[in-house]
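Residue 861 is where the sequence shown ends in my numbering, and the numbering goes up by one at each step.
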Amino acid sequence: MSESPYRWDTGLRLRVFGLLLFLLSLLVGLGIILTFTFTQLNSFQERARLTQENVRRAEQVATLYAEMTAALRGYLFTGDESMLAPYEPNLNRLHQVLSELEESVEGDPDQAEQVHRLRELIDAWRTQVAEPEIARMRQGAPDVGSLLMTEGVKYGELIKEQRDHFIREETKRMDQDVDKAGVASDQVVRITWLTISLAAVLVLGGFLVFARSVTRSTEALAEAANRIAQGERGVVLEAPLDGELQVVANAFAKMSLTLAEQEKQLQEQQEQLIAQNEELLAQQESVRRHAEELERKERHLSRLHSLSSKMVGSIEMDQLANLILDEYLDLYGGVAGALLLVDEYADRLKVAAERWLSPDLKGQFIPRSGPMARCVEQREVVVARYPDTQTHISVWLRDVPVVQEVYVPLVHTGRAIGVVAIAFTEPTEPSAEAQALWHAVAGQASVALAAAQNHQEVKRAFAALQDQAAQIEILNAQLEEERDRASAQLDIYLSIVSTMPAGAWLCDTGGNLLVSNSMFQEFFGKTVPDEPLEQMLAQIAAVLPEHDPFPQTVRDLVHDPHAVAEGQLRLTTGYTLQWSSAPVGKGQSRVGRLFTFQDVTELAELDRLKSEFVNTVSHELRTPLTSIMGYLSLVLAGTAGPLQEQQREFLNIVARNTNRLANLINDLLDIQRIESGRMPIHLSPTSLASVVKQVAETFRVQAEQKGLSFTVNVPEEVPLINADPDRLTQIIANLVSNAVKYTKEGGVTVSVSAVGDQVELEVADTGIGISPADQKRIFEKFYRAEHPYVREVGGTGLGLPIVKTMVEEHGGDLQLESQPGRGSRFIVSFPALKDES
25 MSESPYRWDT GLRLRVFGLL LFLLSLLVGL GIILTFTFTQ LNSFQERARL
75 TQENVRRAEQ VATLYAEMTA ALRGYLFTGD ESMLAPYEPN LNRLHQVLSE
125 LEESVEGDPD QAEQVHRLRE LIDAWRTQVA EPEIARMRQG APDVGSLLMT
175 EGVKYGELIK EQRDHFIREE TKRMDQDVDK AGVASDQVVR ITWLTISLAA
225 VLVLGGFLVF ARSVTRSTEA LAEAANRIAQ GERGVVLEAP LDGELQVVAN
275 AFAKMSLTLA EQEKQLQEQQ EQLIAQNEEL LAQQESVRRH AEELERKERH
325 LSRLHSLSSK MVGSIEMDQL ANLILDEYLD LYGGVAGALL LVDEYADRLK
375 VAAERWLSPD LKGQFIPRSG PMARCVEQRE VVVARYPDTQ THISVWLRDV
425 PVVQEVYVPL VHTGRAIGVV AIAFTEPTEP SAEAQALWHA VAGQASVALA
475 AAQNHQEVKR AFAALQDQAA QIEILNAQLE EERDRASAQL DIYLSIVSTM
525 PAGAWLCDTG GNLLVSNSMF QEFFGKTVPD EPLEQMLAQI AAVLPEHDPF
575 PQTVRDLVHD PHAVAEGQLR LTTGYTLQWS SAPVGKGQSR VGRLFTFQDV
625 TELAELDRLK SEFVNTVSHE LRTPLTSIMG YLSLVLAGTA GPLQEQQREF
675 LNIVARNTNR LANLINDLLD IQRIESGRMP IHLSPTSLAS VVKQVAETFR
725 VQAEQKGLSF TVNVPEEVPL INADPDRLTQ IIANLVSNAV KYTKEGGVTV
775 SVSAVGDQVE LEVADTGIGI SPADQKRIFE KFYRAEHPYV REVGGTGLGL
825 PIVKTMVEEH GGDLQLESQP GRGSRFIVSF PALKDES
């Protein structure tokens, strides 16, 4: 066979390389031009971004200046210091933005000068308008706001003009950059399309020439390949081919000859290998069957020997149940399992062990039903299959994705003592080997379980006998001790009741009379031993006003082993009695309940006379005092003519003491109305926060005059309470007044907060504080603490008793926390109204 020589000058590689080299040159040139142009575009884009950022900062300067002006105007209009809260943060932010602007335009002298001028105008507004106005407002000057309306407006216009000029210059520069970027972009588009068009024309021409030569050669090669595929050997291409394709044609010719020789050799070798392979397969199958039989017998004997050894050493039920269940799961290969013991006296089984289920299942009882009942009754292995993959199994007490269950009975002396239940996710057919092992294990497990049950029963019976004997001894000792203690306590109680200076009545837990002394019989009549409760109550009710609730109160207290109560009774015989009741003894030693009755007839009469005297004197004093206060106000106002400085000073002292006397009379009248039950309380939904704000501000000036700090902490949203606004005002005023009055240095803090379903008012000070001894009596009428500063300040000792009574009338609670020399905290809690929405 002759071969055509290879010619490199007609090769495909040379043609392709020339075309690619030309295209690469065009692309490199285009890349250089595009890189330069895009660099210019990026420069223009960055400058435009900086210009936009500078415009935004200039607008932010105007916004911050407007917020500072609004804060200043709000403060000058309302006088509220909180309105100035945004002033300082906005001023700091303004300087920061100006610094950023200066840094951004430092390469442009004109724009840098504009920013510098803007900073000077804002600083001039702050030093010449804002700060003088704040100082004049705090000094109470009459012409507050004049600078803001004149100089402030002028500076505002200058600042706006300067800002607008800066923004115009920046915008102008940005427009110039945008125009330059547009020109560069147009150039990029023109150059790109020109280069692409030229490359496309050249590629198309080269491709056509290249395709023509390749197509001619590939058609010849395809024809030769089809001939070889059809089985023709020794194929030779006569037509000349281009370059590398001629080498391929020569290889095709050699391949056709070689294939013919190799096909013949392969066919002979294949026939020999088939014969040898059949012989080896037969030998391998024989060896495998023999090895499996030996391994099965060895595994069977080893498993039975190991299980027997373990069961012989296990006598505890839990350990043995787990051992048996593990062995069956190992044999079956299930996804979950349980060992259940048969209850001989009920149709149920008890779970003794579980695997891969829930620990809570152990110890529970499962009804004997379905396949499990059939396994127990027939004493044979039961296999249950289910049509669905999600089946509820009574043993597991939950849904388990299984399709098959196997129940293996554990039989001893002809009866099933337990069942092993195993679940599978796929249908399983047990082999003959597995069945043989199951039965062998079941026999050993049944004997071991029976022995463990017998051991458990003997152990349980012995422990029960020991527990019963110990309990009987303990009960006997307790009964003897309780009997002796009750007898001794009863003797003591009877002796105490008989000798008490007040009327006393001791009853047992059922209300039957144990003993009553002579004073009790003087108040309510003679009694007899063991008199029943209802008979005693009828005897007591005979000397009480009609429909008096005391008998029902006694019934409730007799049946309550913990309640302590007290009150007052007015008898029809003329006595006024202060009664109290408390349980006698606790728990098993409880004897009953003791009622005591103290004769306070004379004290009640004195208290009534005192109240009448205070009421009369207070009303008599108010009439002339009102006239004195009215004429004093007229004289001080200059209605009666001009006053000398000394006269005005003296009259101011008289006015202050007159107001003090009026407050004392008002407190006395409030106490009188409270004690007589004539203090009107008109409850309505009320905002504690609003009342606190109003009342606290009236004491701010008084605190600042003493050099004290005065802080009011009230959140925006606080639940409403059910209260009388007038009485609530009186409560807050008394507490804040005391805090300011008894604080020498430091400050007073008034706070409102929502805590759970309560709304709390807290008044805290850094004053003189209250000693523990005084805290016990601080809420008593007319009581004043033993402290030099208290005597120096003066007071009536009625403010806190009034506060406590009014808080309780509102259903609230008043607490005091104080340390001498460190101040006091009064915390008032009111129930919050529920939000009906």
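Cβ atoms here follow ideal geometry from the backbone N, Cα and C, with glycine treated the same way.
- Residue state for Phe803 is assigned as coil, using DSSP reduced to three classes.
- Counting along the chain, the unbroken alpha helix (DSSP H) around Ala720 starts and ends at Leu712 to Gln729.
- For Ala589, the enclosing beta strand (DSSP E) starts and ends at Ala589 to Arg594.
- Per DSSP, Lys374 lies in no alpha helix (DSSP H) segment; the continuous beta strand (DSSP E) that holds it begins and ends at Arg372 to Arg379.
- Counting only residues of its own chain and dropping the five nearest sequence neighbours on each side, Ile652 has a CB closer than 7 angstroms to the CB of Thr682.
- Excluding the 5 residues flanking it on each side, Glu590 has same chain C-beta neighbours closer than 8 angstroms at Gln602, Trp603, Ser604 and Ser605, in chain order.
- Proximity to Ile191 across Gly206, Val129 and Ile158 peaks at Val129, based on C-alpha coordinates.
- Taking a contact to require three or more Cβ pairs closer than 8 angstroms, the region 87-100 and the region 125-139 do not qualify as touching.
- DSSP places Glu105 in no beta strand (DSSP E); its state is neither H nor E.
- Annotation: the continuous alpha helix (DSSP H) that includes Ala565 extends over Leu557 to Ala565.
- Taking a cut-off of 8 angstroms for Cβ pairs, the region 748-765 and the region 710-722 touch, as three or more such pairs fall below it.
- If you ignore the 5 residues before and after Leu142, its C-beta comes within less than 6 angstroms of the C-beta of Gln186, all in its own chain and listed in chain order.
- Within the region 378-405, the complete alpha helix (DSSP H) segments of 4 residues or longer fall at 394-402, listed in chain order.
- Contact annotation: Ala447 and Gln428 have beta-carbon atoms nearer than 9 angstroms.
- Boundaries of the alpha helix (DSSP H) harbouring Leu581: Phe574 to Val582, taken from the DSSP string.
- The C-beta separation of Val582 from Thr600 comes to about 24 angstroms, leaving the pair out of contact by the 8 angstroms criterion.
- Distance from Pro433 to Arg403 at the Cβ level is roughly 5 angstroms; contact confirmed, criterion being Cβ atoms closer than 8 angstroms.
- Annotated as proximal: Glu786 and Thr773, with beta-carbon spacing under 9 angstroms.
- Residue pairing by DSSP places Glu841 opposite Arg849 in a beta bridge.
- Assignment of Ile677 by DSSP, reduced to helix, strand and coil, places it in the helix class.
- Spatial neighbours of Ala494 in its own chain (CB-CB distance under 7 angstroms, excluding positions within 5 residues in sequence) are not present.
- Taken through DSSP and simplified to helix, strand or coil, Ser209 comes out as helix.
- Distance between Tyr431 and Ala370, taken at the CA atoms: about 20 angstroms.
- Listed as beta-bridge partners of Glu784 by DSSP are Ser777 and Ser853.
- Shown here, Ser67 sits in a helix according to DSSP, grouped into three states.
- The alpha-carbon of Val678 is positioned some 56 angstroms away from that of His119.
- If you draw a straight line from the Cα of Val85 to the Cα of Leu122, it is about 7 angstroms long.
- Under DSSP, Ile446 forms a beta bridge with Gly361 and Val430.
- Within the region 128-180, the complete alpha helix (DSSP H) runs of at least 4 residues fall at 133-149 and 155-163.
- Nearest to Ala397 by C-alpha distance, out of Leu364, Leu74, Thr577 and Val716, is Leu364.
- For Ser761, the enclosing alpha helix (DSSP H) stretches over residues Pro749 to Lys765.
- The residues Gly771, in chain order, have a CB closer than 6 angstroms to that of Ser733 in the same chain once the five nearest residues on each side in sequence are set aside.
- Within the DSSP secondary-structure output, Trp603 pairs in a beta bridge with Gly591 and Phe621.
- Pairing Ile564 with Pro556 gives a Cβ-Cβ distance that is not under 9 angstroms.
- When the Cα atoms are used, Asn114 and Asp104 turn out to be separated by approximately 18 angstroms.
- In the structure shown, Asn536 adopts coil according to DSSP, grouped into three states.
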